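Notes to accompany the following structure.
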Amino acid sequence: MTTDDPIHTLSEAVNQAMDIAMAEDPDVFALGEDIEDPIGGVMKGTKGLSTKYGRERVRNTPISEQAIVGAAIGASLVGMRPIAEVMLMDFFAVAMDQVANHAAKLRYMSGGRTNVPITIRTSVGGGRQFGAQHSQSLEAWMMHIPGLKVAVPSTPRDAKGLLYSCIFDDDPCIFMETMSLLFTRGPVPPGRFEIPLGVADVKRAGDDVSVVTWGWQVPEALAAAETLADEGISVEVVDLRTLVPLDRDAILRSVAKTTRAVVVHAATQFAGPGAEIASLVGHELFGRLSAPVERMGAAYSPVPYAAELESLHYPERKRIAATIRAMA
Amino acid sequence: MTVSTTQPVGSGGSNEGLTDDAALRIFRTVTTIRSTEDRIIRGLSSGELRMTYYTVRGQEVIPAAICEHLRRDDYMVTTYRGMHDCIAKGVPLDELVAEMCGKVTGTSKGKGGPMHLSDPQSGLMVTTGVVGGGLPIAVGLALSSKLRGTDQVTVVNFGDGATSIGATHEACNLAALWEVPVVFVCQNNQYGEHTKFADYTRSPSLAERFRGYGMEARTVDGNSVPAMHEAAAEAIGAARSGSGPVFLECLTYRLGGHSFGATTEYMDPDELSQAEANEPVGRYRRWLVDQRGIGEDVLADIEAAVVSSVEAAVEAAKASPPPAPEELLTDVFSSVEALPR
Chain A
1181 MTTDDPIHTL SEAVNQAMDI AMAEDPDVFA LGEDIEDPIG GVMKGTKGLS TKYGRERVRN
1241 TPISEQAIVG AAIGASLVGM RPIAEVMLMD FFAVAMDQVA NHAAKLRYMS GGRTNVPITI
1301 RTSVGGGRQF GAQHSQSLEA WMMHIPGLKV AVPSTPRDAK GLLYSCIFDD DPCIFMETMS
1361 LLFTRGPVPP GRFEIPLGVA DVKRAGDDVS VVTWGWQVPE ALAAAETLAD EGISVEVVDL
1421 RTLVPLDRDA ILRSVAKTTR AVVVHAATQF AGPGAEIASL VGHELFGRLS APVERMGAAY
1481 SPVPYAAELE SLHYPERKRI AATIRAMA
Chain B
869 MTVSTTQPVG SGGSNEGLTD DAALRIFRTV TTIRSTEDRI IRGLSSGELR MTYYTVRGQE
929 VIPAAICEHL RRDDYMVTTY RGMHDCIAKG VPLDELVAEM CGKVTGTSKG KGGPMHLSDP
989 QSGLMVTTGV VGGGLPIAVG LALSSKLRGT DQVTVVNFGD GATSIGATHE ACNLAALWEV
1049 PVVFVCQNNQ YGEHTKFADY TRSPSLAERF RGYGMEARTV DGNSVPAMHE AAAEAIGAAR
1109 SGSGPVFLEC LTYRLGGHSF GATTEYMDPD ELSQAEANEP VGRYRRWLVD QRGIGEDVLA
1169 DIEAAVVSSV EAAVEAAKAS PPPAPEELLT DVFSSVEALP R
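Protein chains in written order, with our numbering: chain A, 1181 to 1508; chain B, 869 to 1209.
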């Protein structure tokens, strides 16, 4: 992408989205562990915001994930737009009653008389030797609960636009900030900028094989595509950006063209999002595919600590390239 | 643990502020709660009605007294054992009963059911089916009042069983830390589902335990209207004035099993029959006549009017259609466009 937009990290882009949302709407506020300055969030996402907007609107909490999410839900029921931070996605396990039984269901259980316009920002580990409890990509878990929207940006630009949309969306949104991308840099449009939820982005156009992916697997897929281009294999990389809503049309459009698809994700492969997408492609494009849909997800194991094992746990560029090569 | 049913009406409470008008409003509320429960049980027993039902018999006085001090724009959160709270907060009876029956005229168009009653117009924001799940949400509702600079108060009701779950402790600690205007109303009915209080905790007093979070906490006879009326006035007044959360342990007694059809074999039969003999609605009625000099005819008129409004609500619910098939996929998201296909 050629652009004159200023270059920022993904973390800075996240910060900008919150800054603009808070400036625009007094009902937007943030809560979470260590989000106030001087820490500004352990991943620095809220850096400077408590100084700018005060500690009433950017609120530190105790280490209480149930209370963080629950309090966000409560305030949102009467029209506020809280941005809750759950430090790591693994800690959703602690907060899951509030997430799954309350945030996701209150609109439906009230027959549409209440709604939960919260955003839960969370860091997702992986590839950084944080071990089994600080590295999980749990998007499949979120997708399986009707009522939650799930966004996973792969670039600073997407992070800003998607987060802004999540904050002002009328449903609960899980916003996954993958740690290995947080300090990568890219152009970010200044000022108010939104990307609608449910619109995928073709990060690289190609003709032979479609890679359907999101989050930190996007750069892995792009690297594989670059390698394969030298070998004469043209790879299209479709970045879904949100998993709920799912841009079904973008997936089918790409695979109808290439007739070959690989779904790549950091979530566990078994019963992972790739199964849903492979089923969709197989069903809708039955008879038009040149190869069975391939799935590449995390191994069916807790995330190992040793770097040698962890690199085997997640799909990475070389193995993605090998899979594509075998089917092209 | 002092079981409240052994205490005389009015112990620990003052009649100050409990005017005849207020006393009769409370009587109407507890009578409506009792009458609705009796009618539902009758309908369930005969097969006329079908729903999951968690008895509130014996706990009527607590929300009736509390809601005397709440405004319509104050918020309330309750649990699956919360029909009494809903009625006291002012959820329209017709819509309440219709919802419990799964009908389209219900508060949630029949999509929530008896464990998920909500009626934001009357301030009843959430009914949760998960023990303890409402407390963190109540902290957030109260936080909204603080951030917006209003003087609205949030009341969250829960049973003594909820004091054993983590969410309760996270919520109480956070509420005290943030000094938000929430009143934690623990309706201590002596049972956590099918287990007696003494069989799940060594704590002699819940008020004492929760005072440790740095908030006001007191124990009150939840079956005494004057005591509850006074305690609620203080607690809600304190929260409204900005002095932070209050924990009220309201001692009461659940006059039945966990849910309709459940057994009571773990309950001491002598204790249960004593509690039944001293049940709070009848006690309150006798007190109104004997101590307040309210005429029998006045109370009988209220009772007759309540019975007919309950009957009308049940008949309306029975006549109401179920939600249409299209309702299956609405209200999942703000728009059906977001649904996966």
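Positions of the beta carbon are idealized from the N, C-alpha and C atoms, including for glycine. Quick caveat, the model's predicted, so the values are computed rather than measured.
Could you tell me which residues DSSP pairs with Tyr1344 of chain A in its beta bridges? For the purposes of this step, residue 1344 of chain A is identified with residue 164 of the first sequence, where counting begins at 1. Paired residues: none, contrary to the question.
What runs of the beta strand (DSSP E), each 3 residues or longer, lie entirely inside the segment 1224-1277 of chain A? 1238-1240 and 1261-1268, all fully within the segment 1224-1277 of chain A.
Go ahead and label Gln1159 of chain B buried or exposed: buried means 16 or more other beta carbons lie within 10 angstroms of its beta carbon, across all protein chains shown. Within the second sequence, residue 1159 of chain B is the residue found at index 291, counting from 1. Answer is exposed; the Cβ neighbour count stays below 16.
Is it true that the CB of Ile1354 of chain A sits closer than 8 Å to the CB of Leu1328 of chain A? The count along the first sequence starts at 1 and reaches residue 1328 of chain A at position 148. The count along the first sequence starts at 1 and reaches residue 1354 of chain A at position 174. Yes, Cβ-Cβ distance for Leu1328 of chain A and Ile1354 of chain A is below 8 Å.
Contact the segment 1114-1127 of chain B vs the segment 1097-1106 of chain B: 3+ CB pairs below 8 Å: yes
Sheet register partners of Ala1331 of chain A (DSSP bridge): Within the first sequence, residue 1331 of chain A is the residue found at index 151, counting from 1. Ala1331 of chain A is bridged to A:Phe1355 and A:Thr1422.
Does any residue of chain B bring its CB to less than 8 Å from the CB of Ala1380 of chain A? In the first sequence, residue 1380 of chain A corresponds to position 200, counting from 1. Closer than 8 Å: no.
Report the neighbours of Ile1005 of chain B on chain A: residues whose CB is nearer than 8 Å to its CB, in chain order. Residue 1005 of chain B sits at position 137 when you count from the first residue of the second sequence. In chain order: Gly1250, Ala1251, Ile1253, Gly1254, Leu1257, Gln1278 and His1282.
Just by C-beta distance, which residues in the segment 1282-1297 of chain A are closer than 7 Å to chain B? His1282, Leu1286, Arg1287, Tyr1288, Met1289, Ser1290, Gly1291, Gly1292, Arg1293, Thr1294 and Asn1295
Along the chain, which unbroken stretches of the beta strand (DSSP E) at least 3 residues long are found entirely within the segment 1014-1038 of chain B? 1022-1027
Run down chain B in chain order and give the residues with a C-beta less than 7 Å from the C-beta of Leu1426 of chain A. Numbered from its first residue, the first sequence carries residue 1426 of chain A at position 246. Those within 7 Å of Leu1426 of chain A in chain B are Pro1208.
Helix, strand or coil for Ala1192 of chain B, going by three-state DSSP, please let me know. Counting from 1 along the second sequence, the entry for residue 1192 of chain B is found at position 324. The answer is coil: DSSP assigns Ala1192 of chain B none of H, G, I, E or B.
Sort out for me which residues DSSP pairs Ala1441 of chain A with in a bridge. Counting from one through the first sequence, the residue named residue 1441 of chain A turns up at place 261. According to DSSP, Ala1441 of chain A bridges with A:Ser1390.
At the 8 Å Cβ level, is Phe1348 of chain A part of the contact set with chain B, yes or no? Translated into positions along the first sequence, residue 1348 of chain A becomes position 168. No, Phe1348 of chain A lies away from the interface with chain B (no Cβ there is under 8 Å from its Cβ).
Closer than 8 Å at the beta carbon, the chain A residues around Leu1015 of chain B: Mapped onto the second sequence, residue 1015 of chain B falls at position 147. By Cβ distance, chain A contributes Phe1209, Glu1236, Arg1237, Ala1255 and Met1260.
Nearest-angstrom Cβ-Cβ length linking Ala1255 of chain A and Leu1009 of chain B, presumed shorter than 8 Å: If you number the first sequence from 1, residue 1255 of chain A lands on position 75. If you number the second sequence from 1, residue 1009 of chain B lands on position 141. Contact holds; Cβ gap of about 7 Å.
Contact residues within the segment 1029-1040 of chain B, judged by C-beta distance below 8 Å to chain A: Gly1034, Ala1035, Glu1038 and Ala1039
Apply the 10 Å Cβ neighbour rule to Asp1138 of chain B and answer buried if 16 or more other Cβ atoms are within range, or exposed otherwise. Counted from its first residue, the second sequence places residue 1138 of chain B at position 270. Classification for Asp1138 of chain B: exposed.
is_contact[Phe1115 of chain B, chain A] using C-beta, thresh 8 Å: As a working note, residue 1115 of chain B is residue 247 in the second sequence. No, its Cβ sits nowhere closer than 8 Å to a Cβ of chain A.
Leu1197 of chain B: which of A:Val1435, A:Gly1292, A:Val1332 and A:Val1415 sits nearest, CA to CA? Within the second sequence, the letter at position 329 stands for residue 1197 of chain B. Out of A:Val1435, A:Gly1292, A:Val1332 and A:Val1415, A:Gly1292 has the C-alpha closest to the C-alpha of Leu1197 of chain B.
List the residues of chain A whose Cβ lies closer than 7 Å to the Cβ of Asp1199 of chain B, in chain order. Within the second sequence, the letter at position 331 stands for residue 1199 of chain B. Within chain A, the residues near Asp1199 of chain B are Arg1287, Tyr1288, Gly1291 and Gly1292.
Just the Cα atoms here: how many angstroms apart are Gly1462 of chain A and Arg1384 of chain A? Here residue 1462 of chain A is taken as the residue at index 282 of the first sequence, counted from 1. Here residue 1384 of chain A is taken as the residue at index 204 of the first sequence, counted from 1. Looking at the two C-alpha atoms, the distance is approximately 23 Å.
So Leu1402 of chain A is in the beta strand (DSSP E); what residue range does that whole segment cover? On the first sequence, residue 1402 of chain A is found 222 positions in, with the first residue counted as 1. Premise fails: Leu1402 of chain A lies in the alpha helix (DSSP H), Gln1397 to Asp1410, not in any beta strand (DSSP E).
Min CB distance Lys1437 of chain A to chain B below 8 Å: Translated into the one-based positions of the first sequence, residue 1437 of chain A becomes position 257. Chain B, which has no Cβ nearer than 8 Å to the Cβ of Lys1437 of chain A, makes this no.
Counting only runs of 4+ residues fully inside the segment 872-949 of chain B, write out the alpha helix (DSSP H) ranges in chain order. 888-914 and 929-934
Between the alpha carbons of Asn1240 of chain A and Gly1124 of chain B, how many angstroms are there, rounded? Residue 1240 of chain A sits at position 60 when you count from the first residue of the first sequence. Residue 1124 of chain B sits at position 256 when you count from the first residue of the second sequence. Approximately 43 Å, taken between the alpha carbons.
From this set, A:Asp1351, A:Gly1467, A:Glu1406 and A:Pro1425, which residue's C-alpha is nearest Ala1380 of chain A's C-alpha? Residue mapping note: residue 1380 of chain A aligns to position 200 of the first sequence, counting from 1. Closest by alpha carbon: A:Pro1425.
Nearest-angstrom Cα distance between Val1417 of chain A and Val1392 of chain A? Against the first sequence, residue 1417 of chain A aligns to sequence position 237. Against the first sequence, residue 1392 of chain A aligns to sequence position 212. The alpha-carbon atoms of Val1417 of chain A and Val1392 of chain A are separated by roughly 6 Å.
Would you say Val1389 of chain A and Arg1337 of chain A are within 8 Å of each other, going by their C-beta atoms? Along the first sequence, read from residue 1 onward, the residue named residue 1389 of chain A stands at position 209. Along the first sequence, read from residue 1 onward, the residue named residue 1337 of chain A stands at position 157. Not closer than 8 Å, so no.
Distance, Cα to Cα, Ser976 of chain B vs Ser1290 of chain A? Indexing the second sequence from 1 puts residue 976 of chain B at position 108. Indexing the first sequence from 1 puts residue 1290 of chain A at position 110. Straight-line Cα distance between these residues: approximately 5 Å.
What does DSSP give as the partner residue(s) for Gly1366 of chain A in the beta ladder? As a first step, residue 1366 of chain A is located in the first sequence; it is residue number 186 there, counting from the start. Its beta-bridge partners are A:His1188.
Cβ-based contacts, 7 Å cut-off: residues of the segment 1435-1461 of chain A near chain B: none
The beta strand (DSSP E) enclosing Phe1115 of chain B, as first and last residue numbers: Numbered from its first residue, the second sequence carries residue 1115 of chain B at position 247. Counting along the chain, the beta strand (DSSP E) containing Phe1115 of chain B begins and ends at Val1114 to Leu1119.
Please name the residues in the segment 1317-1335 of chain A whose beta-carbon is closer than 9 Å to at least one beta-carbon of chain B, in chain order. Met1323, Pro1326, Gly1327 and Lys1329
Name the one or two DSSP bridge partners that Arg1108 of chain B has. If you number the second sequence from 1, residue 1108 of chain B lands on position 240. BP columns for Arg1108 of chain B are empty, so no partner.
In DSSP terms, what Pro1052 of chain B is bridged to: Along the second sequence, read from residue 1 onward, the residue named residue 1052 of chain B stands at position 184. Inspection of the sequence shows that residue 1052 of chain B is occupied by Phe rather than by Pro. Answer is B:Val1024 and B:Phe1115, bridged to Phe1052 of chain B.
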